[in-house]
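Report on one structure; see the data block that follows.
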Amino acid sequence: QVQLVESGGGLVPAGGSLTLSCVASTRTFSSATMGWFRQAPGKEREFVAGSAPDLTTSYGPFVKGRFTISRDNTKKMVYLQMDSLQSDDTGVYFCAADRWGRGYESWGQGTQVTVSS
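So the sequence shown is numbered by our numbering: it starts at 13 and just counts up by one.
What follows is the structure, encoded as structure tokens:
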């Protein structure tokens with residue numbers, strides 16, 4: 013498995029912004045699809061954003077243009093810029109890697125994001 017370490021979570025007021033970072037320990041980072049997921053208290057984990065090796069991106073329907081995923085293959089890092097945060101965005105955010113095109117097989121420990129209303 014790949015070791016993934018997230019950072020950047022914290023407490024932010026509604027309407028504010030936050031940038032999450034994830035560093036990966038894998039030689040195959042550039043060929044991996046990297047994703048961000050989140051889990052709110054009492055809810056299932058849900059897809060937030062993904063970045064494919066060809067740099068195409070995808071987002072969950074609730075994002076509505078507020079979040080941007082990006083990656084730096086030289087640093088083996090993936091980022092999630094989150095703007096216009098709402099209280100519903102509160103949760104633990106996880107970084108994940110899909111190295112072989114068979115689904116996300118590696119997960120980070122998560123970073124807490126709390127949006128105060």
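All C-beta atoms in this analysis are idealised placements derived from N, C-alpha and C, irrespective of residue type, glycine included.
The structure displayed is predicted, hence computed values, not measured ones.
Indicate whether tyrosine 91 and serine 19 have their beta-carbon atoms separated by less than 8 Å. For the purposes of this step, residue 91 is identified with residue 79 of the sequence shown, where counting begins at 1. For the purposes of this step, residue 19 is identified with residue 7 of the sequence shown, where counting begins at 1. No, Cβ-Cβ distance for tyrosine 91 and serine 19 is not below 8 Å.
Tell me the DSSP bridge mates of proline 50? To locate residue 50, count along the sequence shown from 1; it is residue 38. Reading off the sequence, residue 50 comes out as arginine, not proline. Arginine 50 is bridged to Glu58 and Tyr105.
Span separating the alpha-carbon of tyrosine 71 from that of glycine 62: Numbered from 1 along the sequence shown, position 59 holds the residue referred to as residue 71. Numbered from 1 along the sequence shown, position 50 holds the residue referred to as residue 62. Rounded to whole angstroms, the gap between the alpha carbons of tyrosine 71 and glycine 62 is 6 Å.
With distances taken between CB atoms, is the gap from leucine 97 to alanine 52 smaller than 8 Å? Indexing the sequence shown from 1 puts residue 97 at position 85. Indexing the sequence shown from 1 puts residue 52 at position 40. Between leucine 97 and alanine 52, the C-beta spacing is not below 8 Å.
Please report how far the alpha carbon of glutamine 13 lies from the alpha carbon of alanine 108, in whole angstroms. Locating residue 13 in the sequence shown gives position 1, counting from the first residue. Locating residue 108 in the sequence shown gives position 96, counting from the first residue. Going by the C-alpha atoms only, they are around 11 Å apart.
Checking 8 Å against the spacing of the C-beta atoms, do valine 127 and valine 24 come in under that value? Here residue 127 is taken as the residue at index 115 of the sequence shown, counted from 1. Here residue 24 is taken as the residue at index 12 of the sequence shown, counted from 1. Yes, they are a contact pair.
For phenylalanine 79, name the three-state secondary structure that DSSP assigns. Numbered from its first residue, the sequence shown carries residue 79 at position 67. DSSP places phenylalanine 79 in strand when its eight states are reduced to three.
Helix, strand or coil for serine 63, going by three-state DSSP, please let me know. Taking the sequence shown and counting its residues from 1, one reaches residue 63 at position 51. In the structure shown, serine 63 sits in a strand (DSSP, three-state: E or B).
Between which two residues does the beta strand (DSSP E) containing alanine 36 stretch? By one-based count along the sequence shown, residue 36 stands at place 24. Residues 30 to 37.
Figure out for me which residue from Thr80, Glu117 and Val75 has the closest Cα to the Cα of aspartate 100. Position 88 of the sequence shown, counting from 1, holds the residue named residue 100. The candidate whose alpha carbon is nearest that of aspartate 100 is Val75.
Around the Cβ of threonine 68, are there at least 16 other Cβ atoms within 10 angstroms (buried) or fewer (exposed)? Translated into positions along the sequence shown, residue 68 becomes position 56. Label assigned to threonine 68: exposed.
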